Amino acid sequence: MYWPRAAPPRSGQDPVAALARLRGDADAVRCSHVAVHPVTILGAGADRIRALLEEPGTAARLLLALPSLAELDALPAPIEPAASELHRMLEQGLLDGVILTGIGTVDSLAEASQRLRALVGERGLVLVQAPMPLPRSGGPALPASIDGTVAVELTRTTAGVLAGHNGRARTLAKHYVPRSEFHLMRAHVARNWPRTLIPAGGTPQARLIDALGPGSPIITGQPRTLGTLLSAALALRAERPEVFVGGEYEPLQATGPRQTHVVGFARGRAHSLPEAICVVLRSLNHDIRADIDDDPEEWSRTLIRFPPGTWHDVTTDRTIYCAPDDPGVSITDALPRDGMALYVRGGEPQPPPRELHPRAS
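Residues -3 to 357 in this note's numbering are what the sequence shown spells out, letter by letter.
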């Protein structure tokens, strides 16, 4: 989903033109929905929005964006004409639902979910990005009507795994989380919170991890500058939703002198072979290409083990074949020089040819 978090349109700006631009931005990275401020929605009106959605060329659907509970309180009262117009858009399917952020407690989340469900009806999407930790064992349960939550714990974990290299003074991460804890957290969310909303990270590596991790990513940056790899990742999610919504999440084992700088995982349908692989080098503060050039031998001796099969890189079109007994793929072979790669399965591994020997006479 593309959520620019934009303020209401400026005075004199055509709301329909603003909606068309936002849908074009969402389509640029294959986002399914774009979240739009209520002022823009109400300024366009139901008839013009219907005509916009029927125009060929763009596919992104519309969501009503409420940046805070205050925005929910500021919606038109039921007796106002604008409220009737908004209700008509939701009833006619011109808006697929609503997304809300800025909630801090379970109690307010439960109350907000009830109000949002009443607003959009039984069939509309209610997406809530709630900045609070995931419930622990025995903790309060979240309302079943919410279609998505996101936790600060995930942000902390991602930042830790993508921290700067050892020995570097500059780092943006306040916590370091071992890769094992990172994968356990992600696997837990993939199995138990399949519709979690994940804001895409601030670095290219973090964005790719979030786009292919559990839950549904929220793209908040400028879509046209996010790169072809992220677009390919979102397109893959759209093509294979069963892989990324509740699918299996399997960490990839790295070995060698630079193993702590590699993050890799595979995604697949439940109880099936992995279908996609994400591999990145964790670095936030310096040029990965320069780091590899500093000590290429250590990187070439660092291996990451792919699941058996034939794997195709979606951006470079390189192919890697991995047999079941392979020790792993060298990082210099698995990754391009920008330190990120996305692979899809291209076929099952073929057994090696059987060596033929002449018959003994």
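Don't be surprised by glycine CBs; every beta carbon is placed ideally from N, CA and C.
Quick caveat, the model's predicted, so the values are computed rather than measured.
(1) Give the DSSP-derived three-state secondary structure of histidine 353 in the structure shown.
(2) Just grab the DSSP bridge partners of methionine 336 for me.
(3) Compute the Euclidean distance between the alpha carbons of glycine 260 and leucine 123, then round it to the nearest angstrom.
(4) Is the number of C-beta pairs between the region 37 to 44 and the region 82 to 92 that are closer than 8 Å three or more?
(5) Three-state secondary structure (DSSP) at threonine 36?
(6) Please work out which residues of its chain come closer than 7 Å, Cβ to Cβ, to alanine 337, disregarding the five sequence neighbours upstream and downstream, and give them in chain order.
(7) If you follow the beta strand (DSSP E) that tryptophan 307 is in, where does it begin and where does it stop?
(8) Write down every uninterrupted run of the beta strand (DSSP E) in the region 36 to 107 whose length is 3 residues or greater and which is fully enclosed by it, in chain order.
(9) Can you check whether the CB of alanine 262 is closer than 8 Å to the CB of alanine 272?
(10) Considering only C-alpha positions, which residue in the set Pro200, Gln201, Leu208 and Asp21 is nearest to alanine 183?
(11) Would you say the region 238 to 253 touches the region 291 to 299, given that touching needs at least three Cβ pairs under 8 Å?
(12) Kindly indicate the opening and closing residues of the alpha helix (DSSP H) around threonine 328.
(13) Quick check: the region 192 to 203 against the region 312 to 319, are there 3 or more CB pairs under 8 Å?
(14) According to DSSP, is glycine 260 helix, strand or coil?
(15) What are the boundary residues of the alpha helix (DSSP H) that includes glutamate 235?
(16) Based on the DSSP output, what are the partners of threonine 315 in its beta bridges?
(17) Just checking, does the region 71 to 86 make contact with the region 14 to 31 on the three C-beta pairs under 8 Å criterion?
(18) If we call anything under 8 Å between Cβ atoms a contact, is arginine 278 one with leucine 158?
(19) Quick one, are the C-beta atoms of proline 219 and aspartate 21 less than 8 Å apart?
(20) Under the DSSP definition of a beta bridge, which residues are partnered with glutamate 246?
(21) List the endpoints of the continuous alpha helix (DSSP H) containing leucine 361.
(22) Might you give, ordered along the chain, the residues of its own chain that have their beta carbon closer than 6 Å to the beta carbon of histidine 282, omitting 5 neighbours on each side?
(23) Let me check understanding here. Comparing Cα to Cα, which of Ala78, Ala66 and Glu81 lies closest to arginine 111?
(24) Pull up the CB-CB distance for leucine 15 and leucine 48, whole angstroms please, since I reckon it's below 8 Å.
(25) Determine the DSSP secondary structure at methionine -3, reduced to helix, strand or coil.
(26) Among Val258, Arg46, Pro320 and Ile95, which one has its Cα closest to the Cα of methionine -3?
(27) Would you mind sorting alanine 229 into buried or exposed? The rule is 16 or more other CB atoms within 10 Å of its CB.
(28) Under a Cβ-count criterion, where at least 16 other Cβ atoms within 10 Å of its own Cβ denotes burial, should proline 0 be classed as buried or exposed?
(29) Apart from the five residues on each side of it in sequence, which residues of its chain come closer than 8 Å, Cβ to Cβ, to serine 227?
(30) Could you please give me the residues that DSSP links to proline 213 through a beta bridge?
(31) Could you give the residue range of the beta strand (DSSP E) that holds valine 122?
(32) Which residues does DSSP pair with threonine 251 in a beta bridge?
(33) For a test of the three-state rule: what should DSSP assign to glycine 156, helix, strand or coil?
(34) If glycine 144 sits next to serine 212, beta carbons under 8 Å apart, how far is it from one beta carbon to the other, in whole angstroms?
(35) What first and last residue would you give for the alpha helix (DSSP H) that runs through valine 185?
(36) Rounded to whole angstroms, how far is the Cβ of leucine 232 from the Cβ of isoleucine 194, which I believe are closer than 8 Å?
Considering the structure as presented:
(1) Walking along the sequence shown from the start, residue 353 turns up at place 357. Coil, per DSSP.
(2) Mapped onto the sequence shown, residue 336 falls at position 340. Methionine 336 pairs with Val276.
(3) Locating residue 260 in the sequence shown gives position 264, where the first residue counts as 1. Locating residue 123 in the sequence shown gives position 127, where the first residue counts as 1. Going from the Cα of glycine 260 to the Cα of leucine 123 covers about 29 Å.
(4) yes
(5) Sequence index remark: in the sequence shown, residue 36 carries index 40 (1-based). Reduced to three states, the DSSP call for threonine 36 is helix.
(6) Walking along the sequence shown from the start, residue 337 turns up at place 341. Excluding sequence neighbours, alanine 337 sits near Val275, Asp309, Ala330 and Leu331.
(7) As a first step, residue 307 must be located in the sequence shown, where it is residue number 311. First-last of the beta strand (DSSP E) with tryptophan 307: 305 to 309.
(8) 57 to 62 and 93 to 97
(9) As a working note, residue 272 is residue 276 in the sequence shown. As a working note, residue 262 is residue 266 in the sequence shown. Cβ atoms of alanine 272 and alanine 262: closer than 8 Å.
(10) Mapped onto the sequence shown, residue 183 falls at position 187. With distances taken between Cα atoms, alanine 183 lies closest to Leu208.
(11) yes
(12) For this step, residue 328 is matched to residue 332 along the sequence shown. Looking at the DSSP string, the run of the alpha helix (DSSP H) that includes threonine 328 is 327 to 330.
(13) no
(14) The residue labelled residue 260 in the question sits at position 264 within the sequence shown. Glycine 260 falls in the strand class under three-state DSSP.
(15) Here the question's residue 235 lines up with position 239 in the sequence shown. 224 to 235 is the span of the alpha helix (DSSP H), which, as asked, contains glutamate 235.
(16) Translated into the one-based positions of the sequence shown, residue 315 becomes position 319. His308, per the DSSP bridge assignment.
(17) no
(18) On the sequence shown, position 282 is the one that residue 278 refers to. On the sequence shown, position 162 is the one that residue 158 refers to. For arginine 278 and leucine 158, yes; Cβs fall inside 8 Å.
(19) Taking the first residue of the sequence shown as position 1, residue 219 is located at position 223. Taking the first residue of the sequence shown as position 1, residue 21 is located at position 25. Yes. Within cutoff.
(20) As a working mapping, residue 246 is identified with position 250 in the sequence shown. Paired residues: Ala262.
(21) In the structure displayed, the chain extends from -3 to 357; residue 361 sits before or after that span and is not available.
(22) For the purposes of this step, residue 282 is identified with residue 286 of the sequence shown, where counting begins at 1. Note on histidine 282: pLDDT 49, under 50, position unreliable in the model; the coordinate value appears next. Excluding sequence neighbours, histidine 282 sits near nothing in its chain.
(23) Residue numbering aside, residue 111 sits at position 115 when the sequence shown is read from its first letter. Ranking the options by Cα distance to arginine 111, first place goes to Ala66.
(24) Numbered from its first residue, the sequence shown carries residue 15 at position 19. Numbered from its first residue, the sequence shown carries residue 48 at position 52. Indeed they touch by this definition, with Cβ atoms about 6 Å apart.
(25) As a position in the sequence shown, residue -3 is number 1, starting the count at 1. Methionine -3: coil per DSSP, three-state reduction.
(26) Position 1 of the sequence shown holds residue -3. Per the Cα distances, Ile95.
(27) Here the question's residue 229 lines up with position 233 in the sequence shown. Buried.
(28) For the purposes of this step, residue 0 is taken as residue 4 along the sequence shown, with counting starting at 1. Buried is the call here.
(29) Your numbering for residue 227 matches position 231 in the sequence shown. The residues are Ala24, Val25 and Arg26.
(30) Working through the sequence shown from its first residue, we reach residue 213 at position 217. Answer by DSSP bridge pairing, in chain order: Ile194.
(31) Residue mapping note: residue 122 aligns to position 126 of the sequence shown, counting from 1. Element bounds for valine 122: 121 to 125.
(32) Within the sequence shown, the letter at position 255 stands for residue 251. Note: threonine 251 sits in a beta bridge opposite Leu299.
(33) Counting from one through the sequence shown, the residue named residue 156 turns up at place 160. In this structure, glycine 156 counts as helix in the three-state DSSP scheme.
(34) As a working note, residue 144 is residue 148 in the sequence shown. As a working note, residue 212 is residue 216 in the sequence shown. Rounded, the Cβ-Cβ distance is 6 Å, consistent with contact.
(35) Start at 1 with the first residue of the sequence shown, and residue 185 comes out as number 189. First-last of the alpha helix (DSSP H) with valine 185: 175 to 188.
(36) Working through the sequence shown from its first residue, we reach residue 232 at position 236. Working through the sequence shown from its first residue, we reach residue 194 at position 198. Contact doesn't hold; Cβ gap of about 16 Å is too wide.
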